[in-house]
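Enquirer: Here it is, the structure in full.
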Amino acid sequence: MKSKILEILEKSEGYVSGEVISKEIGISRAAIWKHIKKLREQGYEIGSKTNEGYKLIKTPDYLTGFELERILFTDIIGKKVLFFEEVDSTNNKAKQIASEEKEGTVVISEVQTSGRGRRGREWNSPKGGIYISFILKPNIPPERAPQLTLVSSLALAETLNSMDKKLDAKIKWPNDILIKGKKISGILTELSSDIEKINHIVVGVGVNLNTDKNALPETGTSLKTEMGENVSIKLFLKLFLEHFDLVYKEYITNGINKIIERWKFNSDTLGKKVKIIGMNETFEGLAKDIDENGALILKTGEKEIKVYSGDVSLR
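Its first residue numbered -12, the sequence shown is counted upward by one per residue in this note's numbering.
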């Protein structure tokens, strides 16, 4: 109901009477006043004049879940957005609520106090970043869950490149996004399943959006640094969540093959000689391809092997 009231106010350059709003959405003028009051509490500046009605003067400068929900045009992703000023980890929060929430619910925070990367490593979450976790419930076998990392990394790389082609964002296997060789984002995919059925998948995406240079390691960069100006959090999230929705729907409808083709096109790893440090082994060779579940196919001498995880560096 609040969204409908805002839509009416946004369409009008002047004041809109309570009577007009009441007729258009079918609620009493007293109910409209209550919704206006709540909108003001959420940061919307709404003027009112006796005998004239209401006028939207300004939307909040800061992000709210409600504000993001109402500007998104998606079918699955972001129908519900939970925004927190600070959490220990958006993935932790998403996992806590995943069983009760619908697919596509998104948890977002500007600050993480205990962000995590792969293998339980601490994920540096400085001010200026944005941290996003998607709750997904695809009807696929559990062994295909790693495909969601491919889906997510492709969606983010394509979103960044749509903002500015000069960025030339690339995907570093298995789960990083680079700009000019420097890391701007990392992805963590976590699975909850039975033997044959997925309960939910939580995909966490951390992006250095407006992070200052001095808060990042030399190997890192931010969108602010690369574009030379502050980036609107609201605009970035709208673009990313809408594109994620498109890529995810394509995956659900048509499978992984076309996604993999686009992933390869955006890859920073394939075709290069690499060194991969795994949990117990180190591999060296030519990064030749990836399989349907995202394993890296490495040519070492006369044979090819599949590597499922590890830290990649160029030889």
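Don't be surprised by glycine CBs; every beta carbon is placed ideally from N, CA and C.
Does the beta-carbon of TYR41 have 16 or more other beta-carbons within 10 angstroms, so that it is buried, or is it exposed?
Expert: By one-based count along the sequence shown, residue 41 stands at place 54. So TYR41 ends up on the buried side.
Enquirer: Can you tell me whether TYR31 is buried or exposed? The criterion is at least 16 other CB atoms within 10 Å of its CB, across all chains shown.
Expert: Position 44 of the sequence shown, counting from 1, holds the residue named residue 31. That one is buried.
Enquirer: What three-state label does DSSP hand ASP163 in the structure shown?
Expert: Here residue 163 corresponds to residue number 176 of the sequence shown, with the count starting at 1. Strand, per DSSP.
Enquirer: Roughly how many angstroms lie between the CA atoms of ALA81 and THR37, to the nearest whole one?
Expert: As a working note, residue 81 is residue 94 in the sequence shown. As a working note, residue 37 is residue 50 in the sequence shown. Answer to the nearest angstrom: the Cα atoms are 45 Å apart.
Enquirer: Roughly how many whole angstroms lie between the Cα atoms of ASN244 and VAL234?
Expert: Here residue 244 refers to the residue found at position 257 when the sequence shown is read from its first residue. Here residue 234 refers to the residue found at position 247 when the sequence shown is read from its first residue. One C-alpha to the other measures close to 12 Å.
Enquirer: On the criterion of 16 or more Cβ atoms from any shown chain inside 10 Å, does GLY215 qualify as buried, or is it exposed?
Expert: Residue 215 sits at position 228 when you count from the first residue of the sequence shown. Exposed.
Enquirer: Would you check if the distance between the CB atom of LEU154 and the CB atom of GLU213 is smaller than 7 Å?
Expert: Residue numbering aside, residue 154 sits at position 167 when the sequence shown is read from its first letter. Residue numbering aside, residue 213 sits at position 226 when the sequence shown is read from its first letter. Contact: yes.
Enquirer: What is the DSSP secondary structure of PHE71, counted as helix, strand or coil?
Expert: Along the sequence shown, read from residue 1 onward, the residue named residue 71 stands at position 84. Note: PHE71 maps to strand in three-state DSSP.
Enquirer: If we ignore side chains and look at the alpha-carbon of each, how far apart do ILE247 and ASN195 end up?
Expert: On the sequence shown, position 260 is the one that residue 247 refers to. On the sequence shown, position 208 is the one that residue 195 refers to. Their backbone Cα atoms lie some 25 Å apart in a straight line.
Enquirer: Rounded to whole angstroms, what is the Cα-Cα separation between SER9 and SER35?
Expert: To locate residue 9, count along the sequence shown from 1; it is residue 22. To locate residue 35, count along the sequence shown from 1; it is residue 48. Inter-residue distance for SER9 and SER35 is about 15 Å (C-alpha atoms, whole angstroms).
Enquirer: Taking the CB atoms as reference points, tell me whether LEU226 and THR146 lie closer together than 7 Å.
Expert: For this step, residue 226 is matched to residue 239 along the sequence shown. For this step, residue 146 is matched to residue 159 along the sequence shown. In contact: LEU226 and THR146 (Cβ atoms closer than 7 Å).
Enquirer: Residues in its own chain within less than 8 Å of GLU0 by CB, not counting five upstream and five downstream?
Expert: By 1-based counting over the sequence shown, the position of residue 0 is 13. For GLU0, where only same-chain residues beyond five positions count, there are no Cβ hits under 8 Å.
Enquirer: Whose C-alpha, out of ASP298, HIS230 and ASN148, is nearest the C-alpha of LYS262?
Expert: To locate residue 262, count along the sequence shown from 1; it is residue 275. Among ASP298, HIS230 and ASN148, the Cα nearest to that of LYS262 belongs to ASP298.
Enquirer: If you draw a straight line from the alpha carbon of LEU59 to that of LEU178, how long is it in whole angstroms?
Expert: As a working note, residue 59 is residue 72 in the sequence shown. As a working note, residue 178 is residue 191 in the sequence shown. Their Cα atoms are separated by approximately 26 Å.
Enquirer: Of all the beta strand (DSSP E) runs that stay within the bounds of the segment 205 to 284, which reach a length of 3 or more residues?
Expert: 260 to 264 and 269 to 277
Enquirer: Going by alpha carbons, who is nearest to PHE252 out of ILE277, LEU273, ALA18 and ILE95?
Expert: Position 265 of the sequence shown, counted from the start, is the residue given in the question as residue 252. Nearest option by C-alpha distance: ILE277.
Enquirer: Taking the straight line between their C-alpha atoms, what separation do you get for ILE122 and ARG57?
Expert: Against the sequence shown, residue 122 aligns to sequence position 135. Against the sequence shown, residue 57 aligns to sequence position 70. If you draw a straight line from the Cα of ILE122 to the Cα of ARG57, it comes to about 19 Å.
Enquirer: Quick one: what's SER139 bridged to in DSSP?
Expert: On the sequence shown, position 152 is the one that residue 139 refers to. Answer is none; SER139 lacks a bridge partner.
Enquirer: Just how far apart, CA to CA, sit PRO133 and ASN162?
Expert: Here residue 133 corresponds to residue number 146 of the sequence shown, with the count starting at 1. Here residue 162 corresponds to residue number 175 of the sequence shown, with the count starting at 1. Separation of PRO133 and ASN162 (C-alpha to C-alpha, rounded to the nearest whole angstrom) is 10 Å.
Enquirer: Would DSSP call LEU203 helix, strand or coil?
Expert: The residue you call residue 203 lines up with position 216 of the sequence shown. Assignment of LEU203 by DSSP, reduced to helix, strand and coil, places it in the coil class.
Enquirer: Helix, strand or coil, according to DSSP, for ASN78 in the structure here?
Expert: For the purposes of this step, residue 78 is taken as the residue at position 91 of the sequence shown. In the structure shown, ASN78 adopts helical secondary structure according to DSSP, grouped into three states.
Enquirer: Spatial neighbours of THR198 within its chain, please: CB distance less than 6 Å, with the 5 preceding and 5 following residues excluded, ordered by chain position.
Expert: Translated into the one-based positions of the sequence shown, residue 198 becomes position 211. Result list for THR198: PRO113, GLY115, GLY116 and SER209, in chain order.
Enquirer: Between GLU39 and SER4, how many whole angstroms is the CB-CB distance? I'm expecting something under 8 Å.
Expert: Counting from 1 along the sequence shown, the entry for residue 39 is found at position 52. Counting from 1 along the sequence shown, the entry for residue 4 is found at position 17. Right, their Cβ atoms sit about 7 Å apart.
Enquirer: Between the Cα of LEU222 and the Cα atoms of HIS22, LEU285 and LEU50, which residue gives the shortest distance?
Expert: Numbered from 1 along the sequence shown, position 235 holds the residue referred to as residue 222. Checking every option, the nearest Cα to that of LEU222 belongs to LEU50.
Enquirer: Could you check the C-alpha separation between LYS184 and ILE119 for me, to the nearest Å?
Expert: Position 197 of the sequence shown, counted from the start, is the residue given in the question as residue 184. Position 132 of the sequence shown, counted from the start, is the residue given in the question as residue 119. Roughly 25 Å separates the two Cα atoms.
Enquirer: Report yes if the CB atom of THR136 is closer than 7 Å to the CB atom of ILE174, and no otherwise.
Expert: Reading the sequence shown from its first residue, position 149 is the one you call residue 136. Reading the sequence shown from its first residue, position 187 is the one you call residue 174. Contact flag set, yes.
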